[in-house]
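Sequences listed follow chains A and B, in order. The opening residue of the first sequence carries number 1 in the numbering used here; numbering runs sequentially from there. The opening residue of the second sequence carries number 1001 in the numbering used here; numbering runs sequentially from there. Ideal Cβ placement from N, Cα and C applies to all residues, glycine included.
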Amino acid sequence: MDTVSAPILEVRDLHVRIASRRGIVRAVDGVSFDVPRGGALGLVGESGSGKSMTLRAILGVLPTEAQVTSGEIRLDGVDLRQLRGSDVNRLRGPKMAMIFQEPMSALNPVARVGWQIAEGPQVHLGLSRGRAAERALELMRRVGIPDPERRFRAYPHEFSGGMRQRVMIAIALSCDPEIILCDEPTTALDVTIQDQILRLLTQLCRESGVSLVFVTHDLPVVAQVCQDVAVMYGGQLVERGEVREVLLDPRHPYTLGLVRSAPDFEYVRESLVPIPGSPPSLVSPPSGCRFHPRCAFAEDDCRTSETPLRPLPGGRSTACLHYERTLEAVEADRACP
Amino acid sequence: MNTVNAVDARTTVAGAEPLLSAREVSVSFPVGSRVGARMRGEERLLRAVDGVDLEMRRGEALALVGESGSGKSTLAQALAGLQRTDRGEIRFDGRVLPASRSRADRRRIQMVFQDPYSSLNPRMTVGGMLRELLRVHHVVPANRVATFSAELLALVGLGEADLSAYPRQFSGGQRQRVAIARALALRPDVLVADEPVSALDVSVQATILNLLSNLRDELGLTLLLISHNLAVVRHLCDRVAVMYLGRIVEVAPTEQIFSTPRHPYTRGLLAAIPRMTEGAADSSGPAIAGDPPSPLRIPAGCRFRTRCPIAQPRCETEDPVLAAGPDDAEHLAACHFAFSSGAGGPRPERSENEQNA
């Protein structure tokens, strides 16, 4: 990782609120992170943890009832929140691009695939129709779409799920962005296709030096693509660090809960340990640490003190006030697997 | 006590008569218009399940794994009697089940579906659903229906108060519990669970998997678990059957499937699972290249040959049968080179790394 240059993406104290009938939902509540140039950050959490909202806030495509209420989003040093809509538009494509979970609903069903890939270069890079089409063909080749000359004129419905996701990747790469935001890009795919797409994505990013923010609920998938991971719970970050350190040696009881409750492929436990209770309401979140009602290690101060992410030795950080308890539990797990 | 018996049953089932078995079962669906098919002078059939043999022993947990479109759900529905078969026979407890099953037969094989949001009637309370079932099938005398319903809910970890609740009042995990209670209400011998946790969040998945495992021990259920998630399978099942394009390509005890997979598809499937400990960048090519072929154009010969890393000319003409190897009658694979070491040409690199690891 490059330590000299500034991070490509800096998110500072981001707050997203959603107006709903039940009240104001604090979907993202004070999230801060950096993505280094050429780095890949995984954002994991369960449904409703705010990970997708964070991503959409960065790209500026929040649903109408949601709003960024405070915080900074700096892309390559520029605060996106200070820009007008049309200026942000100009950045989507050449600076940042997004890959969605469901390629079928993200692609235009009545436009030929090749021209959908060629659209970005025409609009943003000012290429002529012919040059843009050439570029699209080259991209289709790079993402491994067989017989690109013929497939150029095909429609999305003629493609399989994996091929559609390749098209999405080609579109994301079409204007040479600095960063690609991925929202569960392989969740809808079969495991062998997921494997192909993850490999393709890591390989392309390494070749072209693109940075990634990768949102998923699947812990092993994060370990495949990302160097760093940030764990989200109830709209906040609870732990952050190098991906294998966090997943194999967590410092927050929620991360530990996630790891323990997921059936792991490599070793079989006697029984899985679910996390008791259910995720917090984000209309009226619990006081103090949001995880305390479900936490086995909670003490009195967890109910009252705010728990921002604080640094630990070794470049990691945790929001847990009593992370030593998690550490002990991890060691106990290791002693008797 | 119960647990001990169940464990005993599991270890002794190997030689016994299977509880539920399929022989040469095929299920196909007509695709496209009848007129179009007649004009082309052909029947246009999608062979979802294409001649499957499968045995389930009493008390075992068998997993059916495969990618979408492999026919695993269709096969499960055929076994549960929810899907008509074109060919083949399904035997249950020593006799052949007729195409249209009696109420008593249907009762003994019950199913839990993937999506608990669409598989429960939104306009019926949980108690109402159970009452209807218990009355129609005369499971318990009328005066015991209420207590039996409450017992069922207790079995799946819900309270008596939930009897008067509607599905919308439950979370996804709780709904799946209701669906399991509904399946168990008829005191089935076989429980077929079709992707029971894939619609749920990770932390909730564990509760449902633990519940299924406990129920199996307590009630001595025979479990058919359909899943695309091999980690779930490894956790819960005694044996695994791998499906590809309507056929079973490998069957073996769980640990053998994971330690010494014989079919190249199984090897690829295992290699494709993301691991916590290694990144995609750590090794070279994908585990299996390409997309699965359309079930409307099943390749001649071995149906996996179009994606197979060790395919030989022979595979284009000869359709391999599912057969056991020389050493182990429990491990079956449908590949010409499954049990011949080295004769099958180069093995995919990744799976060799895995066997060493």
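DSSP three-state assignment for residue i, whether helix, strand or coil
i                : result
A1343 of chain B : Its pLDDT being 41, under 50, A1343 of chain B is placed unreliably in this model, and the value from its coordinates should be taken loosely. If DSSP states are grouped into helix, strand and coil, A1343 of chain B belongs with coil.
I145 of chain A  : coil
A19 of chain A   : strand
M168 of chain A  : helix
P311 of chain A  : strand
T948 of chain B  : Nothing about residue 948 of chain B can be read from this structure; chain B reaches only from 1001 to 1357.
R334 of chain A  : helix
G1051 of chain B : strand
C205 of chain A  : helix
V1007 of chain B : Caution applies to V1007 of chain B, whose pLDDT of 40 falls short of 50 and renders its modelled position unreliable; the value that the coordinates give is listed next. Correct three-state label for V1007 of chain B: helix.
I1288 of chain B : coil
6 Å CB neighbourhood of residue i in its chain, flanking five on each side removed
i                : result
R1347 of chain B : Interpretation of R1347 of chain B is limited by its pLDDT of 46, a score under 50 that renders its predicted location unreliable; the figure taken from the coordinates is listed afterwards. Within the same chain, R1347 of chain B has no close Cβ partners at all.
C182 of chain A  : I99, F214
R135 of chain A  : P121
V1190 of chain B : L1020, I1109, T1222
Inter-residue Cα distance where the pair is residue i and residue j
i                : j                : result
G1344 of chain B : C1308 of chain B : Residue placement at G1344 of chain B is flagged as unreliable, the pLDDT there being 42, under the threshold of 50; a coordinate-derived value is accordingly withheld.
I8 of chain A    : D34 of chain A   : 8 Å
G50 of chain A   : A332 of chain A  : 31 Å
P1167 of chain B : R21 of chain A   : 21 Å
P177 of chain A  : S1068 of chain B : 33 Å
I179 of chain A  : G38 of chain A   : 8 Å
G60 of chain A   : E184 of chain A  : 18 Å
H1228 of chain B : G1128 of chain B : 33 Å
M104 of chain A  : A172 of chain A  : 15 Å
I169 of chain A  : E328 of chain A  : 42 Å
G1185 of chain B : I275 of chain A  : The question names Gly, but residue 1185 of chain B is Ala in the sequence shown. Their backbone Cα atoms lie some 28 Å apart in a straight line.
V1013 of chain B : G161 of chain A  : Because V1013 of chain B sits at a pLDDT of 44, beneath the cut-off of 50, its placement in the model cannot be relied upon, and the following sentence gives the value as read from the coordinates. Between V1013 of chain B and G161 of chain A, the C-alpha separation is close to 41 Å.
Y155 of chain A  : V167 of chain A  : 11 Å
S1213 of chain B : L258 of chain A  : 20 Å
E1160 of chain B : R1044 of chain B : 51 Å
Q101 of chain A  : V44 of chain A   : 15 Å
Q1355 of chain B : Q1256 of chain B : Reliability of the predicted coordinates at Q1355 of chain B is poor, the pLDDT of 38 falling under 50, and no value is obtained from them.
L201 of chain A  : D1291 of chain B : 17 Å
First and last residue of the uninterrupted alpha helix (DSSP H) at residue i
i                : result
E1060 of chain B : First-last for E1060 of chain B: undefined, no H or E at that position.
L1133 of chain B : 1126-1136
S1149 of chain B : 1145-1155
C182 of chain A  : That residue, C182 of chain A, is in no alpha helix (DSSP H); its beta strand (DSSP E) goes 179-183.
Y1265 of chain B : 1264-1272
D300 of chain A  : 300-304
Same chain only: Cβ atoms within 8 Å of residue i, ignoring 5 sequence neighbours per side
i                : result
E1132 of chain B : M1124
R325 of chain A  : P253, F297
A1241 of chain B : L1054, L1062, A1063, L1064, V1065, I1248, E1250, V1251
E65 of chain A   : I18, A19, S20
E72 of chain A   : E10, V11, R12, D13, L14, D79, R81
R1010 of chain B : Because the pLDDT of R1010 of chain B is 40, which lies under 50, any placement of that residue in the model is unreliable, and the number read from its coordinates should be weighed accordingly. G1059, E1060, D1238, listed in sequence order.
Proximal residues of chain B, C-beta to C-beta of residue i below 9 Å
i               : result
H217 of chain A : D1201, V1202
V221 of chain A : P1274
R334 of chain A : The premise fails here: R334 of chain A is roughly 14 Å from chain B at the closest Cβ pair, so nothing lies under 9 Å.
S271 of chain A : A1206, L1209, N1210, S1213, N1214, H1235
Close Cβ partners of residue i (< 7 Å) along its chain, the five nearest in sequence each way excluded
i                : result
H367 of chain A  : As displayed, chain A neither begins before 1 nor continues past 337, which places residue 367 of chain A out of reach and without an answer.
R153 of chain A  : R112, G114
Q1205 of chain B : V1197
R26 of chain A   : R17, G235, L282, P285
G1157 of chain B : R1177, L1211
E46 of chain A   : H217, P279
V1052 of chain B : A1022, V1025, L1075, R1247, I1248
Residue i: contacting residues in chain B (beta-carbon distance under 8 Å)
i              : result
E46 of chain A : D1201, V1202, S1203
Residue i: contacting residues in chain A (beta-carbon distance under 7 Å)
i                : result
I1288 of chain B : T192
G1268 of chain B : T192
T1207 of chain B : P274
V1232 of chain B : P263
Per-residue contacts from residue i into chain A (C-beta, under 8 Å)
i                : result
D1291 of chain B : S160, G162, M163, I193
Continuous beta strand (DSSP E) stretch holding residue i: start and end
i                : result
E242 of chain A  : 236-242
M1111 of chain B : 1109-1112
E1250 of chain B : 1247-1253
Y1244 of chain B : 1239-1244
V215 of chain A  : 211-216
Q67 of chain A   : 66-75
Chain-ordered chain B contacts of residue i [CB-CB under 7 Å]
i               : result
G235 of chain A : Simply none; closest approach about 16 Å.
Below-9 Å beta-carbon distance, residue i vs any chain E residue
i                : result
T1277 of chain B : Among the protein chains in the structure shown, which are A and B, there is no chain E.
Under 9 Å from the C-beta of residue i: neighbouring residues of chain A
i                : result
N1143 of chain B : Ordered by position in chain A, no residue passes the 9 Å Cβ test against N1143 of chain B, which lies about 36 Å from the chain.
E1067 of chain B : D190, V191, T192, I193
Residue i CB to nearest heavy atom of the ligand PLP below 8 Å
i              : result
I18 of chain A : Absent from the structure shown: the ligand PLP. Ligands present: none.
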